[in-house]
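Chemist: Quick one: structure below, then a few questions.
Protein chains: 2
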Amino acid sequence: MFSLDPRLAADTVALGSLSLSRVLLMNDSRFPWLILVPERAGMREIIDLPEGDQAVLMTEIAAASRALQSIAAPDKINVGALGNIVGQLHVHVVARRTGDAAWPGPVWGAGTAVPYEAAAREHTMAALAAALPGLRPAE
Amino acid sequence: MFSLDPRLAADTVALGSLSLSRVLLMNDSRFPWLILVPERAGMREIIDLPEGDQAVLMTEIAAASRALQSIAAPDKINVGALGNIVGQLHVHVVARRTGDAAWPGPVWGAGTAVPYEAAAREHTMAALAAALPGLRPAE
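Here you go:
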């Protein structure tokens, strides 16, 4: 049975679920940053997923990218599935701006997260939820 | 018309092409590292591709992952589409080992590439080409 890795849970707030993936907002106000976690037990690599789920994951990466574009007008979207530290399969989708806190390097391992203030977090969550068609509310 | 970004060309050797993507081997012997470049002009983001091409890209990411697993027995596959420096859409698929030169951080921006010696490069290219069904030779 799927359960979210506690380290992912600790670093994020849950937005809800799409067809395949739990959608998390990284609690780091430096970057508009979503994490997709396929709700399948025991997955580490994209290729651990059945082919049909791989295809759905791509559509959800695209949906997360469009949602970030609509709320943040980024200069670039970064997509990454690393998992070197947290092995549970998860995909980062990050809105990048020229000159942001890690630019032009990757966000992973770059400096220290700056948690959202409550009002900004609620605003960002509401805007992202509205921009993600088919999102079911977090339990 | 598609043409490979000269910075990607300079850092890699061409293995060939799959249905959608040019397949490049990063010339860095520290990490078995493939780069997929969809052979479509003017693409920067995955979501710039038509949906059908996005689906094919996922199957090619999976094929590259399996090829790296078969030649390198990695502890983790890292997949990333960043493009903060080279804007042409390209997807990194990297075989990672616990304790490798960047572990557990990302490979991007980590240290300096160590080019392959000629014999090792030829061996790696031949093994990867044999592990990538449907690969057409580089022109």
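Protein chains in written order, with my numbering: chain A, 34 to 172; chain B, 34 to 172.
Here a beta-carbon is modelled for each residue, glycine too, at the ideal position from N, C-alpha and C.
On a predicted model such as this, the values are computed, not experimentally measured, just so you know.
Report yes or no: do three or more beta-carbon pairs, one from the region 141 to 154 of chain B and one from the region 156 to 169 of chain A, lie closer than 8 Å?
Modeler: no
Chemist: Looking at the structure shown, is A/R55 part of a helix, part of a strand, or coil, going by DSSP?
Modeler: Taking the first residue of the first sequence as 1, we reach residue 55 of chain A at position 22. Strand, per DSSP.
Chemist: Taking C-beta pairs closer than 7 Å, name the residues in chain A that B/W13 reaches, listed in chain order.
Modeler: Summary: the structure shown does not reach residue 13 of chain B, with chain B confined to residues 34 through 172, and so no result is reported for it.
Chemist: Mind checking whether A/A128 and A/P65 have CB atoms under 8 Å apart?
Modeler: The residue given as residue 128 of chain A occupies position 95 in the first sequence. The residue given as residue 65 of chain A occupies position 32 in the first sequence. Taking 8 Å as the cut-off, the beta carbon of A/A128 is found closer than this to the beta carbon of A/P65.
Chemist: Looking at the unbroken alpha helix (DSSP H) that takes in A/T157, where does it start and where does it end?
Modeler: Translated into the one-based positions of the first sequence, residue 157 of chain A becomes position 124. Start and end: 151 to 163.
Chemist: Taking Cβ positions only, does B/N197 come closer than 8 Å to chain A?
Modeler: Residue 197 of chain B lies beyond the range of chain B shown here (34 to 172); nothing can be said about it.
Chemist: Starting from A/S50, trace the beta strand (DSSP E) both ways and give me its first and last residue.
Modeler: On the first sequence, residue 50 of chain A is found 17 positions in, with the first residue counted as 1. Element bounds for A/S50: 45 to 50.
Chemist: Cβ of B/L58 within 8 Å of Cβ of B/T131?
Modeler: Translated into the one-based positions of the second sequence, residue 58 of chain B becomes position 25. Translated into the one-based positions of the second sequence, residue 131 of chain B becomes position 98. Cβ atoms of B/L58 and B/T131: not closer than 8 Å.
Chemist: Which bits of chain A does B/I80 rub up against, with CB to CB less than 7 Å?
Modeler: Taking the second sequence and counting its residues from 1, the one referred to as residue 80 of chain B is at position 47. Correct list: A95, S98, R99.
Chemist: Please tell me whether A/R55 and A/E72 are closer than 8 Å, where the distance is taken between their beta carbons.
Modeler: On the first sequence, residue 55 of chain A is found 22 positions in, with the first residue counted as 1. On the first sequence, residue 72 of chain A is found 39 positions in, with the first residue counted as 1. Yes, the pair counts as a contact, with Cβ atoms nearer than the cut-off.
Chemist: What are the partner residues of B/L67, as DSSP defines its beta bridges?
Modeler: As a position in the second sequence, residue 67 of chain B is number 34, starting the count at 1. Per DSSP, B/L58, B/V126.
Chemist: Could you pull the start and end residues of the alpha helix (DSSP H) that A/I110 belongs to?
Modeler: Counting from 1 along the first sequence, the entry for residue 110 of chain A is found at position 77. Looking at the DSSP string, A/I110 is not in any alpha helix (DSSP H); the run it does join, the beta strand (DSSP E), is 109 to 114.
Chemist: Answer with yes or no whether the minimum CB distance from B/W66 to chain A is below 8 Å.
Modeler: Working through the second sequence from its first residue, we reach residue 66 of chain B at position 33. For B/W66, the answer is no, since every Cβ of chain A falls outside 8 Å of its Cβ.
Chemist: Compare the C-alpha of A/I68 against each of A/E150, A/D133, A/L53 and name the closest.
Modeler: Position 35 of the first sequence, counting from 1, holds the residue named residue 68 of chain A. Considering only alpha carbons, the answer is A/L53.
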